[in-house]
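J.: Chains as they are written, first to last, in our numbering: chain A, 75 to 325; chain B, 187 to 513.
Where is the CB? At the ideal position from N, CA and C, for every residue including glycine.
I have a structure here, written as structure tokens, and I will follow up with some questions on it.
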Amino acid sequence: MSAGVAANGEQPIISVRNLHKWYSGVHALKGVSLDFKRNEAVGLVGDNGAGKSTLISILAGLHPKDEGEIFVEGRPAEINKPRDAMNLGIETIYQYNSMVPNMSIARNMFIGREPMKAAFMGVGLLDEARMRAESVAAIANVDLHLRSPDALVGELSGGQRQGVAIARAMHFKSKVMILDEPTNHLSVKETTKVIGFVKSLKEQNVTGIFISHNMHHVFACCDRVVAMALGKVVLDKPISETSIEEVHDVL
Amino acid sequence: MRRLIKISLQKPELAAALLLLCLIIFFQVMSQGVFLSLANMRGVFGLMPEMALVAIGVTLLMICGEFDLSVGSVFALSPMAMAVLMTMGWGFWPAMLTGLLVCAAIGFINGWLTIKFAIPSFITTLGMLFMARSLTIVISGGFPPRLKADEIPMWLFVEFVGPGNLFRASFLWFVGIAVLVALLLSKTNFGNWVRATGGFLPAANAMGIPSSKVKIACFMICSVLAGLAGTIQVLRLGSPLPSIGEGLELAAVAAAVIGGTSLLGGIGSITGGIIGAILIRVIDNGMVLSQVNSNWFKFAIGALTILAVVGNSWLRKRGRAMKVETV
Ligand SMILES: Nc1ncnc2c1ncn2[C@@H]1O[C@H](COP(=O)(O)OP(=O)(O)OP(=O)(O)O)[C@@H](O)[C@H]1O
Ligand SMILES: [Mg+2]
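Below you can see the structure in the form of structure tokens.
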């Protein structure tokens, strides 16, 4: 199977082919091949240790792959570091928060991508006014209400933090948004919000990859479900053609 | 108002500054007015830059999440290298800059080893503490070379300047560097990366910050500042003793901690480190003037360090718990 064009003639935004990953002794991914269609919300499910986080951390440039190929919009992609993934339009919200608790919301929003007034050899003066203004706007865009962009992230609730992470990913206009268990430790109300957010990605022309252990959450907001077990894809079906029971059975 | 109190509770350097003020008043009274006299202030301001420069570097590095125990040895090695090169006929500037380059190299090695082999910087720099000290003694050849004062632009480093000859030139170096490093930390993208790297390394890496380079840069800045401080001390003394700077590494850590820098990284400020260094100087000088047995000096610094850490964590908790409008 080539990574070029899918059956219905549409080019996937991300294709991975025969991806392998070893962590010293552990064979965490055993030849994973998947296509993610444009503007589709895909639910990625699987037991603990199935390799979900490993797969997305390769797409996000956090870990190098050991074997296999990645295509982004049909072109072979070398994703060697997080910046490569970001430049390709892949934003990730990590299972273990990617925010620095002792830094303000505005500072966290722009870590590694700070707007600057002037720079010399890569080091420059921060444009703090712009960082504040843009964080306020980005946070409002994801329907989160925070009083000040100067509040420390460590003082936010889990849901608010997740909201800021989502706002950050959206602000940088990603094409693909990966959310690794974003509903963990959230209240029912906050969970509903995140699910609504995943649903709304389509309207904004963003492809979503949503990892969760909760089948109901996945069936509530995704178009397709991919199940992984022991480093392999064991099921890949549109939501309309499968059921929670069937997915449970293959895991 | 409550918001203001909340913010100040979370700024430990304010507590340290307040303590400094109290101590100054205390020593002024205890010494019957000698403490704040022009002559004594000249002494305090003359010595202060040397330790404060070291504290600036150590504070920056600690905020980045790493340690440097080798600063005391580097403090001695840099001016010794300079002096030895000068006895070999080198001019002052090339010799001094080479001395600082040696420091930069040591900082690089400290950082590179720490990151490459994923070992605690405590260990790397402990090793470097011994190695750099040993090197200093070896290159001194047993007896320290005397500096030829006429070849050195002393006015640029240690001569008295300013109103009433209150300051040495070194004080101006210190102020300039302090402002520069403080701005670097608080107003630039590099500073943002330093704080993120020390505050939560996985997040820094996930956001694509070159955290290894950031750490190595901080190690190098720390080492170079220690070398510059040592050079200034040697120019003031006129001769490079191989034993200068012993124990300075721990005093610098104490200064950083007293000023509110966390040992775990991510928290702290350059201002705090400087206030900590001034506090230590003031206590040293004030105790002498107040005719307290000077053997109590280390006791005072030790007690203050512990007090600062306990006090800061208490203040921070209070500050956090204090309810203003919900964020
Ligand atoms: N950094 C690592 N070093 C070593 N082994 C790892 C590392 N990360 C993951 N593994 C191993 O790789 C396998 C897959 O882990 P992964 O984190 O991808 O699972 P997961 O599907 O995300 O599980 P969970 O639902 O618990 O998050 C596991 O056996 C795990 O122990
Ligand atoms: Mg996981």
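(1) Examine the Cβ distances between the region 155-169 of chain A and the region 423-436 of chain B and report whether three or more of them are shorter than 8 Å.
(2) For A:S89, list the residues DSSP reports as bridge partners.
(3) Near A:A193, which residues of its chain fall below 8 Å by C-beta distance, leaving aside the five closest residues on each side in sequence?
(4) To the nearest angstrom, how far is the alpha carbon of B:I453 from that of B:G377?
(5) Would you mind telling me which residues of chain B sit closer than 9 Å to A:R181, beta carbon to beta carbon, in chain order?
(6) Starting from A:V187, trace the alpha helix (DSSP H) in both directions and tell me its first and last residue.
(7) How far does the alpha helix (DSSP H) with B:G433 in it extend, from its first residue to its last?
(8) Would you kindly work out how many angstroms separate the C-alpha atoms of B:A507 and B:G458, rounded to a whole number?
(9) Below 8 Å on the Cβ atoms is my guess for B:V288 versus B:L411; work out the distance and round it to an integer in Å.
(10) Determine which residues of the region 147-168 of chain A have a Cβ less than 8 Å from any Cβ of chain B, and write them out in chain order.
(11) Go ahead and pull the three-state DSSP assignment for A:A243.
(12) Taking the straight line between their C-alpha atoms, what separation do you get for A:A77 and A:G142?
(13) Pick from B:M227, B:G251 and B:I460: whose alpha carbon is nearest that of B:P198?
(14) Just list the residues that DSSP pairs A:H101 with in beta bridges.
(15) Counting only beta-carbon atoms, is B:T273 nearer than 8 Å to chain A?
(16) In whole angstroms, give me the CA-to-CA distance for A:A80 and A:L309.
(17) Report yes if the C-beta distance between A:R298 and A:E114 is below 8 Å; otherwise report no.
(18) Cutting at 6 Å between CB atoms, please list the residues of its own chain near B:V513, excluding the five before and the five after it.
(19) Quick one: residues with CB closer than 6 Å to any heavy atom of ligand 1, in chain order, please.
(20) Got a sec: is the Cβ-Cβ distance from B:F303 to anything in chain A below 8 Å?
(21) Is A:E84 near ligand 2, going by C-beta to nearest heavy atom under 7 Å?
(22) For A:D254, is the beta carbon positioned less than 7 Å from some heavy atom of ligand 2?
(23) For B:P198, decide whether its Cβ has a neighbour in chain A, counting only Cβ atoms nearer than 8 Å.
(24) Which residues of chain A have a Cβ atom closer than 8 Å to the Cβ of B:I453, listed in chain order?
(25) Tell me, to the nearest whole angstrom, how far the beta carbon of A:V355 is from that of A:I179; I am working on the premise that it is less than 8 Å.
(26) A:Y170 to A:G228, Cα distance in whole Å?
(27) Which of the three DSSP states is assigned to B:P198 in this structure?
(28) Compare the Cα-Cα distances from A:W96 to each of A:G125, A:D121, A:P86 and A:M244 and report the closest residue.
(29) Under the three-state reduction of DSSP, which class applies to A:T281: helix, strand or coil?
(30) Can you find a CB in chain B that lies within less than 8 Å of the CB of A:Y170?
(31) Give every residue of the same chain whose Cβ lies closer than 6 Å to the Cβ of B:R332, excluding the five residues on either side of it in the sequence, and list them in chain order.
(32) Among the candidates A:N215, A:E208, A:G233 and A:I240, whose CA atom is the shortest distance from the CA of A:P223?
(33) Between which two residues does the beta strand (DSSP E) carrying A:M251 extend?
(34) Strictly under 8 Å for the Cβ-Cβ distance: is A:G78 near chain B by that measure?
(35) Could you give the DSSP three-state label for B:A304: helix, strand or coil?
T.: So, to answer that:
(1) no
(2) A:D109 and A:F145
(3) Closer than 8 Å at Cβ, skipping near neighbours: L199.
(4) 12 Å
(5) N378, R381 and A382
(6) In the sequence as presented, Val is not what sits at residue 187 of chain A; that position holds Arg. Here A:R187 belongs to no alpha helix (DSSP H), and DSSP marks it neither H nor E.
(7) Note, B:G433: premise wrong, no alpha helix (DSSP H); not H, not E.
(8) 23 Å
(9) No, B:V288 and B:L411 are not in contact; Cβ-Cβ is about 14 Å, not under 8 Å.
(10) Only K155, P156, R157, M160, T166 and Y168 from the region 147-168 of chain A bring a Cβ to less than 8 Å from some Cβ of chain B.
(11) helix
(12) Bear in mind that a pLDDT of 46 at A:A77, under 50, signals an unreliable position, so the number given afterwards is only what the model happens to contain. Going by the C-alpha atoms only, they are around 12 Å apart.
(13) With distances taken between CA atoms, B:P198 lies nearest to B:I460 out of B:M227, B:G251 and B:I460.
(14) A:W96
(15) no
(16) Confidence is the limiting factor: at A:A80 the pLDDT is only 47, short of 50, which leaves the residue's position unreliable and the question unanswerable from this model.
(17) yes
(18) Here B:V513 scores only 43 on pLDDT, less than 50, and its place in the model is too uncertain to base an answer on.
(19) A:Y97, A:V100, A:A102, A:G120, A:N122, A:G123, A:A124, A:G125, A:K126, A:S127, A:T128 and A:Q169
(20) no
(21) no
(22) Yes, the beta carbon of A:D254 sits closer than 7 Å to at least one heavy atom of ligand 2.
(23) No, no contact with chain A.
(24) Within chain A, the residues placing a beta-carbon under 8 Å from that of B:I453 are N176, ordered along the chain.
(25) There is simply no residue 355 of chain A to check, as chain A begins at 75 and stops at 325 in what is shown.
(26) 14 Å
(27) Looking at B:P198 - three-state DSSP - the assignment turns out to be helix.
(28) A:G125
(29) strand
(30) A:Y170 counts as touching chain B.
(31) S425
(32) The residue among A:N215, A:E208, A:G233 and A:I240 with its C-alpha nearest the C-alpha of A:P223 is A:E208.
(33) V250 to D254
(34) Confidence at A:G78 is low in this model, with a pLDDT of 46, below 50, so its placement is unreliable and the value that follows should be read with caution. It does not: the Cβ of A:G78 has no partner Cβ on chain B nearer than 8 Å.
(35) coil
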